[in-house]
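Visitor:
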């Protein structure tokens, strides 16, 4: 049987069938339902992955890669009985070159671990999806988050990936040069492929310098449209904001209730400005002028770290404020649309939540046109799950209709498979052929991305 | 015969076999040797491209796309007798949305035409490879140039491509949203594929705001190593330079001789700082301090447009200074290496040029680790072509050895095919399979990219 083969080839200490491990690897932070894997493997090097994939390929056993389980669309949890590949023992730095501003890491390192290492050299890895996800998981879903408005998604930070293909072949998709026009861009193809095309075993990242100075600000607007319009104005002004986030009034109310605060219960925009001190001050000044011209209220600025934490608190505590409610689950949309369509989309989102009768809020990386809903449901109350999921579906469909995407950063996984044809049309056939080319027997994360 | 079919289906005014057209479409700005196509087609819409590809597919006729002929590696000139696809009649704007900071264009529009259109809305398309290339050609080679140090390559600016596949199927690779984690990243795959995977028929681009203020500066250093070290210091400082260029002393000498100037004959760095006025001033101040600590000389700053032109003149006139010599051709390396390897690589490049006995210079987008040689040869003198090409080869091999790429921005075409295995190893098999998947009969730009 393949499990004894696994033990034989990579060592039995790297193979577990304990009930707690099987359970852990059947859950992520999404509300999606998966099954337990048959076995969990803990590879310690690329060679281990090669051996595991060789066995999987020969015996036709599904393989699903698992980072830390912070995914929101079920990418890392299996729906076919097989091997779960856990990267927690592959969290080392392979090569760090501060003078090149590059680092090569194994996929199991988390973004906070990575930043702790590089920060002391004045460097940073800017991508911040909220959770302390593994870099491997972030690459596999093309994660982004609050800083994408300035740095783009993680795909834009990648120089090279080492990938173990379904048949055990190991390839490198790039080099350590900052740019290249050589060959086809396989780096971009494997990034965001959610473990369906190959298993990423090493990641080389372009780092950035830590900005000298940071300022944070917060303000409120009467309407969601005004918030969207304000963010658009800031973008067009050319101010290179580090972060620009929206939290709607209902969510602020929820944060107040949960945390005992008294933030103005209004739609709120959060800003972070970062760069050289003089630049940041100037940017803040211009932003303030522009936002006041648009009628913003409750303008607050913070410069020292403690104040900054305070100003952003209501943004940071938001998901906890919703998800602390015992026994409930939450589901969230992740649409991304052209900036000009953001106002109508946010209004539509609010309407959908209200029509569902469920508790929910809107928050977003508004500078990218990417926003989320958080809709709370009780899985024990009949119909609530369906109502909550319906808000997501309706938003995804509308986003595609206005020229956007069903997922700006969470990925497809199980939750967005149903929208692939609507969003990608005839290109889905090319995607499926690509899958077929790289994983002819379908052992890599089967049942994800495409139906 | 297929030519009469072409005339019948797209109209005979869009089909030419005139000797001058056939000749024009067998030459680009590279020294590579190609052949004349059998026929040149001038499609006016995606539908025309579909029809042409259908005919080509059915009759197994090679199709090579041609932008404006500014390519440096022979991508746009055929080496198998067939159809040359000229995009000069497809240079329209399909959709321009200033409020979204996006534009959708046909491939035949050039980057200066595009900028003229969007500049009046305070927007810009920043990618500047020097030549006034077509956007289609730039996408097909993943072009970049002087501003890549700040904005990345053109691949990073793309939101969506419309691509006509070999069999005539039309797909869209993305959406109009700023980011997406949906499906596989086909946009990145077609960008840089040099017309070998599909014909790009529409391009949607993310634009940027025009910076409020610009300052330019120039300084010299005694050694090439010192120039490389200086550029590394600037990068690590976090100053978001708009441009950072190197021209070596020999090339400055050439510019002086050609233009009658008296620039200091030393290795020279050129800088452009751009952003909000206060920020730019601060950046310039810091850069000056850092560069002076490293021993820079001849520091000059220009703020008004006329002065700026003057300061950059020796950079701008460089290629003319070399290529004006009657009857000569030039060839240039295009390596890109990790920043820390730039000093040794530049010294090696200088040594290679000197050993060749030919006239040549070095210039580079040094902030990206991407630099070029310009080596002049007389094709009528036996052995000169080989000597010139040898400098490129030796540099490409060394670049790959130090973790870099054989081409940072010019692409593979005919000139870099021989290095694909060395650079990409086992990944070349995946690239070839991708080609086979998308172009099973091999009608799309045959004989390019891979041997």
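Residue numbers (our numbering), protein chains in the order written: chain A, 772 to 1222; chain B, 772 to 1222. C-beta: ideal position from N, C-alpha, C; glycine also. Bear in mind that the values here come from a model prediction, so they are computed numbers and not experimental data.
(1) Going along the chain, which residues of its own chain have a beta-carbon closer than 8 Å to the beta-carbon of residue 872(B), five neighbours each way excluded?
(2) Assign residue 1102(B) to buried or exposed, taking buried as 16 or more other Cβ atoms, counted over all protein chains shown, within 10 Å of its Cβ.
(3) Apart from the five residues just before and just after residue 1159(A), which ones in its own chain have a Cβ nearer than 7 Å to its Cβ?
(4) Is residue 843(A) helix, strand or coil by DSSP?
(5) At which residue ranges does the stretch 1084 to 1127 of chain B contain complete alpha helix (DSSP H) runs of 4 or more residues, listed in the order of the chain?
(6) Rounded to the nearest angstrom, what separates residue 1075(B) and residue 1041(B) at their Cα positions?
(7) Find out if the Cβ-Cβ distance for the pair residue 878(A), residue 858(A) is shorter than 8 Å.
(8) Using 8 Å as the limit for Cβ to Cβ distance, is residue 982(B) near chain A?
(9) Given a cut-off of 8 Å on the beta-carbon distance, is the pair residue 1138(B) and residue 1015(B) in contact?
(10) I'd like to know whether the C-beta of residue 1222(B) is nearer than 8 Å to at least one C-beta of chain A.
(11) Output, in chain order, the set of chain D residues within a Cβ distance shorter than 8 Å of residue 1177(B).
(12) How many angstroms separate the CA atom of residue 1007(A) from the CA atom of residue 999(A)?
(13) Does DSSP put residue 780(B) in a helix, a strand or coil?
(14) Taking a cut of 7 Å between CB atoms, which residues from the stretch 1100 to 1113 of chain A lie near chain B?
(15) May I have the straight-line CA-CA distance separating residue 952(A) from residue 889(A), to the nearest angstrom?
(16) Is residue 904(A) helix, strand or coil when you go by DSSP?
(17) Is it buried or exposed for residue 1083(B), if we count other Cβ within 10 angstroms and need 16 for buried?
(18) What separation, rounded to the nearest whole angstrom, lies between the Cα atoms of residue 1087(B) and residue 1035(B)?
(19) Pull up the distance between the alpha-carbon of residue 1179(A) and that of residue 1144(A), whole angstroms please.
(20) Can you tell me which of the three DSSP states residue 983(A) falls into?
(21) To the nearest angstrom, how far is the alpha carbon of residue 807(B) from that of residue 866(B)?
(22) Taking the beta carbon of residue 1054(B) as the centre, do at least 16 other beta carbons fall within 10 Å, making it buried, or is it exposed?
(23) Residues of chain A with CB under 8 Å from residue 1183(B), in chain order?
(24) With residue 1038(A) and residue 991(A) assumed to form a contact (beta carbons below 8 Å), what rounded beta-carbon distance in angstroms separates them?
(25) Going by DSSP, name the residue or residues bridged to residue 855(A).
(26) Just the C-alpha distance for residue 792(A) and residue 811(A), rounded to the nearest angstrom, thanks.
(27) Check whether chain B comes within 8 Å of residue 1095(A), counting only Cβ atoms and requiring the distance to be less than that.
(28) The beta strand (DSSP E) that contains residue 1030(B), what's its start and end?
(29) Name, in chain order, the residues that DSSP records as bridge partners for residue 787(B).
(30) Looking at C-beta atoms only, is the number of pairs between the stretch 775 to 782 of chain B and the stretch 842 to 853 of chain A that lie closer than 8 Å three or more?
(31) Indicate the three-state DSSP secondary structure (helix, strand or coil) for residue 998(B) in the structure shown.
(32) I believe residue 1202(B) touches residue 955(A) by the beta-carbon criterion, under 8 Å. Please report the beta-carbon distance rounded to the nearest angstrom.
(33) Measure from the C-beta of residue 929(B) to each C-beta in chain A and report whether the shortest distance is under 8 Å.
(34) Name the chain A residues whose beta carbon is nearer than 8 Å to that of residue 1198(B)?
(35) Using a Cβ-Cβ distance under 8 Å, would residue 1008(A) count as near chain B?
(36) For residue 1091(A), is the classification buried or exposed, using 16 other Cβ atoms within 10 angstroms of its Cβ as the cut-off for buried?
Guide: Looking at the atomic coordinates:
(1) In the second chain, counting from the first residue as 1, residue 872(B) sits at position 101. Only 894, 977, 978, 979 and 980 meet the Cβ criterion.
(2) Along the second chain, read from residue 1 onward, the residue named residue 1102(B) stands at position 331. So residue 1102(B) ends up on the buried side.
(3) Residue numbering aside, residue 1159(A) sits at position 388 when the first chain is read from its first letter. Excluding sequence neighbours, residue 1159(A) sits near 1102, 1127, 1129, 1146 and 1148.
(4) Within the first chain, residue 843(A) is the residue found at index 72, counting from 1. Residue state, collapsed to three classes: coil.
(5) 1089 to 1094 and 1113 to 1127
(6) One-based indexing of the second chain puts residue 1075(B) at position 304. One-based indexing of the second chain puts residue 1041(B) at position 270. The straight-line gap from Cα to Cα measures roughly 16 Å.
(7) For the purposes of this step, residue 878(A) is taken as residue 107 along the first chain, with counting starting at 1. For the purposes of this step, residue 858(A) is taken as residue 87 along the first chain, with counting starting at 1. Yes. Within cutoff.
(8) Within the second chain, residue 982(B) is the residue found at index 211, counting from 1. Chain A contact via Cβ: present.
(9) Stepping through the second chain from its first residue, residue 1138(B) is reached at position 367. Stepping through the second chain from its first residue, residue 1015(B) is reached at position 244. Against a cut-off of 8 Å, the Cβ pair of residue 1015(B) and residue 1138(B) comes out as a contact.
(10) Taking the second chain and counting its residues from 1, one reaches residue 1222(B) at position 451. Taking Cβ atoms only, chain A never reaches closer than 8 Å to residue 1222(B), which makes this a no.
(11) Protein chains A and B are contained in the structure displayed, whereas chain D is not.
(12) As a position in the first chain, residue 1007(A) is number 236, starting the count at 1. As a position in the first chain, residue 999(A) is number 228, starting the count at 1. Going from the Cα of residue 1007(A) to the Cα of residue 999(A) covers about 12 Å.
(13) What you label residue 780(B) is simply residue 9 of the second chain in a count that begins at 1. In the structure shown, residue 780(B) sits in a helix (DSSP, three-state: H, G or I).
(14) 1107, 1108, 1109, 1110 and 1111
(15) As a working mapping, residue 952(A) is identified with position 181 in the first chain. As a working mapping, residue 889(A) is identified with position 118 in the first chain. Cα to Cα, residue 952(A) sits roughly 28 Å from residue 889(A).
(16) Here residue 904(A) refers to the residue found at position 133 of the first chain. Coil.
(17) By one-based count along the second chain, residue 1083(B) stands at place 312. Buried, by the Cβ-count rule.
(18) Within the second chain, residue 1087(B) is the residue found at index 316, counting from 1. Within the second chain, residue 1035(B) is the residue found at index 264, counting from 1. In a straight line, the C-alpha of residue 1087(B) is about 16 Å away from that of residue 1035(B).
(19) Within the first chain, numbered from 1, the residue matching residue 1179(A) stands at position 408. Within the first chain, numbered from 1, the residue matching residue 1144(A) stands at position 373. Answer to the nearest angstrom: the Cα atoms are 13 Å apart.
(20) Within the first chain, numbered from 1, the residue matching residue 983(A) stands at position 212. Residue 983(A) falls in the coil class under three-state DSSP.
(21) Working through the second chain from its first residue, we reach residue 807(B) at position 36. Working through the second chain from its first residue, we reach residue 866(B) at position 95. Cα-Cα distance, rounded: 35 Å.
(22) Counted from its first residue, the second chain places residue 1054(B) at position 283. By the 10 Å Cβ count, residue 1054(B) comes out buried.
(23) Position 412 of the second chain, counting from 1, holds the residue named residue 1183(B). Within chain A, the residues near residue 1183(B) are 952, 953 and 954.
(24) As a working mapping, residue 1038(A) is identified with position 267 in the first chain. As a working mapping, residue 991(A) is identified with position 220 in the first chain. Sure, about 6 Å apart at Cβ, within 8 Å.
(25) Residue 855(A) sits at position 84 when you count from the first residue of the first chain. DSSP output for residue 855(A) lists 811(A) and 835(A) as bridge partner(s).
(26) For the purposes of this step, residue 792(A) is taken as the residue at position 21 of the first chain. For the purposes of this step, residue 811(A) is taken as the residue at position 40 of the first chain. Looking at the two C-alpha atoms, the distance is approximately 7 Å.
(27) As a position in the first chain, residue 1095(A) is number 324, starting the count at 1. Taking Cβ atoms only, chain B never reaches closer than 8 Å to residue 1095(A), which makes this a no.
(28) Here residue 1030(B) refers to the residue found at position 259 when the second chain is read from its first residue. Where residue 1030(B) is concerned, there is no enclosing beta strand (DSSP E), although the alpha helix (DSSP H) it sits in stretches over 1020 to 1030.
(29) On the second chain, residue 787(B) is found 16 positions in, with the first residue counted as 1. DSSP, once it has assigned bridges, lists 811(B) as partnering residue 787(B).
(30) no
(31) The residue given as residue 998(B) occupies position 227 in the second chain. Residue 998(B) falls in the helix class under three-state DSSP.
(32) Here residue 1202(B) refers to the residue found at position 431 when the second chain is read from its first residue. Here residue 955(A) refers to the residue found at position 184 when the first chain is read from its first residue. With a Cβ gap of about 5 Å, residue 1202(B) and residue 955(A) count as contacting.
(33) Indexing the second chain from 1 puts residue 929(B) at position 158. False, the Cβ-Cβ gap to chain A never drops below 8 Å.
(34) In the second chain, the residue the question calls residue 1198(B) occupies position 427. By Cβ distance, chain A contributes 942, 943, 944, 954 and 957.
(35) By 1-based counting over the first chain, the position of residue 1008(A) is 237. Yes, its Cβ sits closer than 8 Å to a Cβ of chain B.
(36) The sequence position of residue 1091(A) within the first chain is 320, counting from 1. That one is exposed.
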